[in-house]
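What the sequence shown shows, in numbering that gives the first Met the number 0, is residues 0 to 353, in sequence order. All C-beta atoms, glycine included, are put in the ideal place defined by N, C-alpha and C. None of these values were measured; they are calculated from a predicted model.
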Amino acid sequence: MRMRSYQVCECGAPLQLAEGDTPAPQGTQVLMKVLAAGVCHSDLHIWDGYYEVGGGRKLNLVERGIKLPLTMGHENVGEVIAVGPEASDVKVGDVRLVNPWIGCGECKVCRRGDENLCVKPQSIGVYRQGGYSTHLLVPHSRHLFDIGRLSPRDAAPLACSGVTAYSALKKVEATLKDEPVVLIGAGGVGLMGVTLARKMGAKEVIAIDIDATKRDAALKAGATRVIDGAAPDAVKQVHAATGGGAWAVIDFVGSSQTANLAIGSIVKGGTVVVVGLFGGDVTVPTPFLPLRAMTLRGSYVGSHREIAELLELVNRSGMPEVPIRTRPLDEVGEALGDLRAGKVVGRVVLTPGG
Ligand SMILES: [Zn+2]
Ligand SMILES: [Zn+2]
């Protein structure tokens, strides 16, 4: 059987089609036929090879261990077609969601259960070959999850946009049921956040976006109110809508502008969770940390345990109301281009398996 993969061979240059023999799984490895591969915004950064860190500075990803050529794609559902001699708990024909957030499995962070925060990350589609391909080699069956009654196309985005939104919401769970939660950015992850917040019991979800189409999508996804992030009085509107400031703001964009909007929007004792990797910087006067008793924290994708919880939640309460469009594998370049141009509402999922 032949394997076809679209690879980044040079940062920012068009992806190249690579063809070769399908690999034979060794040891504990599991070979999957890719059924669905979500196209994620962070792929644009990986493709470009850097994150903006404010002031025109860049965080170079190749220097940080990303090796080219790289097949991106970290939101994958596949069907098991072969297993290595030491693989267990999995058999040919199983349809599984792949947890891409793999670490070394041995350091103290991994041992605590936060493999997604490993200091030697080996994430699928980032540090090792991903799902913009007909086939995907997964190092161990413990990274595979039964998707229950979900379809591969619906389940795939849960591996990144889903668990990223879920993990961020878990960090403000204490106030979620009683107080409005403010979500900035209604792109793929933000919309997932809106709908998951409702499933987790949030009675009020205020979504902020500068794009009217995305604000409409947020309302359809279950937001109880939307605010135009470009409005000069956006902070004031949040304070009015939350009765004096929000306990919890999640920034799914992560630009200088959105992070400042988030910090300005919280009440004393409130929490800002930054999730988005758009890039930028913020300056917070140090006295504000104690005087406003504020918490400013980050959240990066999600843990093994959180993926399991999320799959349980979605199987119990229904799929998030996020529009999903499927495209063939050969259109990966166009799909990434549309995402960069801001033309995608919801999620695009490639279907290499037809
Ligand atoms: Zn992603
Ligand atoms: Zn580790």
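Report all residues from its chain with a CB closer than 7 Å to the CB of residue i; omit the five preceding and five following residues, and keep chain order.
i, result
"residue 259", "281"
"residue 325", "152, 348, 350"
"residue 332", "13, 14"
"residue 113", "302"
Please report the residue range of the alpha helix (DSSP H) in which residue i lies.
i, result
"residue 306", "303-316"
"residue 198", "187-198"
"residue 144", "Careful: residue 144 lies outside any alpha helix (DSSP H), inside the beta strand (DSSP E) at 143-145."
"residue 6", "Note, residue 6: premise wrong, no alpha helix (DSSP H); beta strand (DSSP E) at 1-6."
"residue 245", "Careful: residue 245 lies outside any alpha helix (DSSP H), inside the beta strand (DSSP E) at 245-250."
"residue 263", "255-264"
"residue 331", "331-339"
"residue 214", "211-219"
"residue 237", "233-241"
Quick check: the Cα distance between residue i and residue j, rounded to an integer number of angstroms?
i, j, result
"residue 46", "residue 2", "21 Å"
"residue 111", "residue 158", "20 Å"
"residue 233", "residue 208", "10 Å"
"residue 160", "residue 36", "12 Å"
"residue 279", "residue 91", "46 Å"
"residue 319", "residue 343", "17 Å"
"residue 201", "residue 133", "39 Å"
"residue 185", "residue 254", "14 Å"
"residue 312", "residue 248", "22 Å"
"residue 57", "residue 63", "12 Å"
"residue 149", "residue 316", "11 Å"
"residue 242", "residue 277", "29 Å"
"residue 171", "residue 182", "12 Å"
"residue 215", "residue 222", "9 Å"
Are there any heavy atoms of ligand 1 lying less than 7 Å away from the beta-carbon of residue i, as far as the coordinates show?
i, result
"residue 73", "yes"
"residue 166", "no"
"residue 122", "no"
"residue 298", "no"
"residue 160", "yes"
Measuring only from the beta carbon, is residue i closer than 7 Å to any heavy atom that is part of ligand 2?
i, result
"residue 112", "no"
"residue 103", "yes"
"residue 108", "yes"
"residue 117", "yes"
Which stretch, first to last residue, makes up the beta strand (DSSP E) that contains residue i?
i, result
"residue 60", "Note, residue 60: premise wrong, no beta strand (DSSP E); not H, not E."
"residue 15", "15-20"
"residue 78", "74-82"
"residue 325", "323-326"
"residue 206", "204-208"
"residue 297", "294-297"
"residue 291", "Where residue 291 is concerned, there is no enclosing beta strand (DSSP E), given that its DSSP letter is neither H nor E."
"residue 348", "346-349"
Report all residues from its chain with a CB closer than 8 Å to the CB of residue i; omit the five preceding and five following residues, and keep chain order.
i, result
"residue 89", "29, 79, 82, 95, 140, 143"
"residue 212", "344"
"residue 59", "48, 49"
"residue 337", "343, 347"
Quick one: what's got a C-beta closer than 6 Å to residue i's C-beta in the same chain, skipping five residues either side?
i, result
"residue 188", "160, 163, 164, 251"
"residue 86", "27, 29, 140"
With a threshold of 8 Å between beta-carbons, can residue i be considered close to chain D, or not?
i, result
"residue 132", "This model lacks chain D altogether, as it is built from one protein chain only."
Pick out the complete alpha helix (DSSP H) segments inside the region 23-56, 4 residues or longer, and give them in chain order.
-> The region 23-56 is shown to contain whole alpha helix (DSSP H) runs of 4 or more residues at 41-47, in chain order.
List in chain order: all unbroken alpha helix (DSSP H) runs of 4+ residues lying wholly within the region 110-145.
-> Secondary structure remark: continuous alpha helix (DSSP H) runs of at least 4 residues inside the region 110-145: none found.
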